[in-house]
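For reference, each letter of the sequence shown is one residue, going -26 to -1, 1 to 104 in mature numbering (1 follows the signal peptide of the UniProt record, and there is no 0).
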Amino acid sequence: MKKSTRWKCCLNLLLFTVLFPSPCSSDSDQKINLFDEDDSRSRLVMLDGNMYFHAGQQKNISFVAGIGGSIYFGEKNLNLLPELAEFETVKGEVDKNKDRIHQLVKTADLFKQQIKLKSDDVASLNRKVS
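Structure below.
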């Protein structure tokens, strides 16, 4: 086979592959039914670089890390979730208390203004009496 014919064959094959993709390839828009929801058996399927977990009917999926190990979801250490939830609860309480303190400061400022007005009224009355 001549060199130019070989290049033409390769080019034709490449064009054919690009223009007519395989019907077997998975589409991200196409939903693939991997599991029967009523199946009691668990499954782990890897398809096109994706991992699908199916725990089966009335089953759980558990990840257990050994001593000193962690389980990550993206950049998040799942072992820290309980501490994070507690932190969010405490943060919520701090925010509520902060709002209450701001309200108390506003009320105290209002009382100061009222006391100043009353003391000015008393001073004015004292001047009139004198």
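Note that CB positions come from ideal geometry on N, CA and C, so glycine has one too.
Remember, it's a predicted structure, so these values are computed and weren't measured experimentally.
* **Contacts around His28, its chain only, beta-carbon distance under 8 Å, and the 5 residues preceding and following it disregarded** => Leu8, Phe9, Asp13, Ser16, Arg17, Leu18, Val19
* What are the boundary residues of the alpha helix (DSSP H) that Arg101 is part of? -> 55 to 103
* Which two residues bound the contiguous beta strand (DSSP E) that contains Phe9? -> Neither: Phe9 is in no beta strand (DSSP E) and is coded neither H nor E.
* Asked: Do you know whose CA, among Leu78, Gly48, Glu11, Ala82, lies nearest Lys33's CA?
  -> Glu11
* Does the beta-carbon distance from Tyr46 to Leu55 come in below 8 Å? -> no
* Phe27 - containing beta strand (DSSP E), residue span -> 24 to 28
* **Bounding residues of the beta strand (DSSP E) (the contiguous stretch that carries Val19)** => 17 to 21
* **Between the CA atoms of Asp69 and Thr63 - distance to the nearest angstrom** => 10 Å
* Measure the alpha-carbon distance for Lys80 versus Gln87 and round it to whole angstroms. => 11 Å
* Asked: What are the partner residues of Phe47, as DSSP defines its beta bridges?
  -> Lys50
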